[in-house]
Each structure stands twice: as C-alpha cells, then as structure tokens.
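Reviewing the structure listed below.
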Amino acid sequence: PGPACEPLRILVADDNEDAAESLALLLWNAGHEVHAVFDGQAALSAVEKLQPRVALLDIGMPNANGYEVAQRIREYPWGKGIYLIAVTGWGQERDKRRAREAGFDAHLVKPVPAETLDRVLASIGGSLAFPSVRMGG
11 PGPACEPLRI
21 LVADDNEDAA
31 ESLALLLWNA
41 GHEVHAVFDG
51 QAALSAVEKL
61 QPRVALLDIG
71 MPNANGYEVA
81 QRIREYPWGK
91 GIYLIAVTGW
101 GQERDKRRAR
111 EAGFDAHLVK
121 PVPAETLDRV
131 LASIGGSLAF
141 PSVRMGG
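The working numbering puts the sequence shown at residues 11 to 147.
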C-alpha cells in the first residue's frame, strides 16, 4: 500500500450556504482542514489569509463571481500554486472553456458525486478516504 494521503487545507465558496456546508462537512470528515465562505469577496479574503492548497469555487456567487475570484487568485505569486476547482450547475462546453481561461484547474458540475471529487483530490495528493459516500445536491 502507498503512503496515506496528507490532509489538505481546502476553501469552499458557494452562495448556497447549505451546499457549501455539506461539501465542507464531507471534506472535513475525510480529515481535511476546511473553511467555508458564502460570496466572492469573502472567498478572496479567505484565500489570501489561508492560502489553501485547494479552492472549490461556485461560479454564480455575488460580490465577485467564481471566474473573477479565480482570475484574481492567479494574479498573486502564491496563487499559482492553489488548485482551483469550479463547482457549478453550468456544464456546457463553453462554461468549461471559460473556467479554464479564468485559471481553473478542474470544472465539476453539481451535484458532484463524491467519487468524482475523490478522483480530483487524489490527483493532487488528497482523498475523501471513503469513496462510497455520495454527496447530496
């Protein structure tokens, strides 16, 4: 067996507080350090303060949407090392392209199956540690 996955510092930003808190709880239960915020401006402040390894950003947030938040994060020297994941209800090809252009590393469509999130986290050294759990949405 390989080494255990390291806990990650993760920021979850979504204006749907229930969705943000559910996702944060799933990640926290898997052993990660998780912080949840509910709008784009709060996401920018939290990213600057916490400098998380991963940021899961909803696209349709008030006070700076997810695209704007991603672009601003990428402007900082330390922001280039943050793995940015768009978590959104918008799943058309143009939405995925726009997310890439804004600086996102991954684009996940809600509701995100836990297995999908686990695969993305595994690609950067993290895990949910219990892939049979499904996220509600």
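Even for Gly, the Cβ is constructed at its ideal location relative to N, Cα and C.
(Q) Judging by CA-CA distance, which residue of Lys-120, Arg-84, Pro-121, Ala-116 is the nearest neighbour of Ser-2? (A) Nothing can be reported for residue 2, as the shown portion of the chain is limited to 11 through 147.
**Q.** Residues near Pro-62 by beta carbon distance below 6 Å, same chain, minus five either side
**A.** Cβ contact annotation for Pro-62 (same chain, cutoff 6 Å, sequence separation greater than five): Arg-19, Ile-20, Leu-21, in chain order.
Q: Would you kindly work out how many angstroms separate the C-alpha atoms of Ala-46 and Trp-38, rounded to a whole number?
A: Distance between the alpha carbons of Ala-46 and Trp-38: 11 Å.
Q) Nearest to Glu-27 by alpha carbon, out of His-42, Tyr-86, Asp-49, Asn-75? A) Each of His-42, Tyr-86, Asp-49, Asn-75 was checked against the Cα of Glu-27, and the nearest Cα belongs to Asp-49.
Q) Hey, Ile-92 and Leu-118 are a contact pair by Cβ (cut 8 Å); roughly how many whole angstroms apart? A) The C-beta distance from Ile-92 to Leu-118 rounds to 16 Å, too long to fall under 8 Å, and the pair is not in contact.
(Q) Just verifying my parser: in three-state terms, what is the DSSP assignment at Val-130? (A) Helix.
Q.
Beta-carbon within less than 8 Å of Gly-70's beta-carbon, same chain only, minus the 5 sequence neighbours each way: which residues are those?
A. Asp-25, Gly-76, Thr-98, Gly-99, Trp-100.
Q | Nearest candidate by alpha-carbon position, reference Arg-150, set Glu-78, Leu-36, Asp-128 | A | What the structure shows of the chain is the stretch from 11 to 147, and residue 150 is not part of that stretch, so it cannot be assessed.
Q | Tyr-93: first and last residue of the uninterrupted alpha helix (DSSP H) it sits in | A | Here Tyr-93 belongs to no alpha helix (DSSP H); instead the beta strand (DSSP E) covers 93-98.
Q) Under a three-way DSSP split, which group does Arg-19 fall into? A) Correct three-state label for Arg-19: strand.
Q: Measure the Cβ-Cβ separation of Gly-149 and Arg-84 and say whether it is below 7 Å.
A: The chain is shown from 11 up to 147; residue 149 falls before or after that span and cannot be answered.
Q) Between the C-alpha atoms of Pro-17 and Tyr-86, what's the straight-line distance to the nearest angstrom? A) Approximately 24 Å, taken between the alpha carbons.
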